[in-house]
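Below is one structure; the comments refer to it alone.
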């Protein structure tokens, strides 16, 4: 811990957009999807990153005591600096 520390100002601006949807297809089966997009603009350097995340879920209720579910998440990141590009599944 430093008592004389002076933190620097934020070095990037972040913007994001979020959307989600859920539906009950039957009394027992429900699904949902969530998506989010992030834009990170770095001030001190010429770099902008755009990241997307998509999550999907499904749930099946056998009775009031037992249910099963599955979920997956996918992510992508693109940058104007190729070293920062990646995909995650």
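Numbering (the numbering used here), first residue to last: 597 to 685.
We treat Cβ as the ideally placed atom computed from N, Cα and C, and that holds for glycine.
No experiment lies behind these values; they were computed from the predicted model shown.
**Q.** Same chain, Cβ closer than 7 Å to residue 657, five either side skipped, listed in chain order
**A.** Apart from the 5 residues on each side of it in sequence, residue 657 sits with its Cβ closer than 7 Å to the Cβ of 624 and 663 in its chain, given in chain order.
Q: Can you tell me which of the three DSSP states residue 634 falls into?
A: Strand, per DSSP.
**Q.** Anticipated Cβ contact below 8 Å, residue 640 with residue 652, distance rounded
**A.** With a contact defined as Cβ atoms closer than 8 Å, residue 640 and residue 652 miss out at about 37 Å.
Q: Could you tell me how far apart the beta carbons of residue 665 and residue 655 are, in whole angstroms, since I believe they sit closer than 8 Å?
A: Correct: roughly 4 Å between the Cβ atoms.
Q: Reducing DSSP to helix, strand and coil, say where residue 658 ends up.
A: It is coil, neither helix nor strand.
Q.
Along the chain, where does the beta strand (DSSP E) containing residue 674 start, and where does it finish?
A. In the DSSP assignment, residue 674 falls within the unbroken beta strand (DSSP E) covering 663-675.
Q. What residues in its chain sit with their C-beta under 6 Å from that of residue 618, if we drop five residues either side in the sequence?
A. For residue 618, where only same-chain residues beyond five positions count, the Cβ hits under 6 Å are 628.
Q. Could you give the distance in angstroms between the alpha-carbon of residue 637 and the alpha-carbon of residue 681?
A. For residue 637 and residue 681, the distance between alpha carbons rounds to 15 Å.
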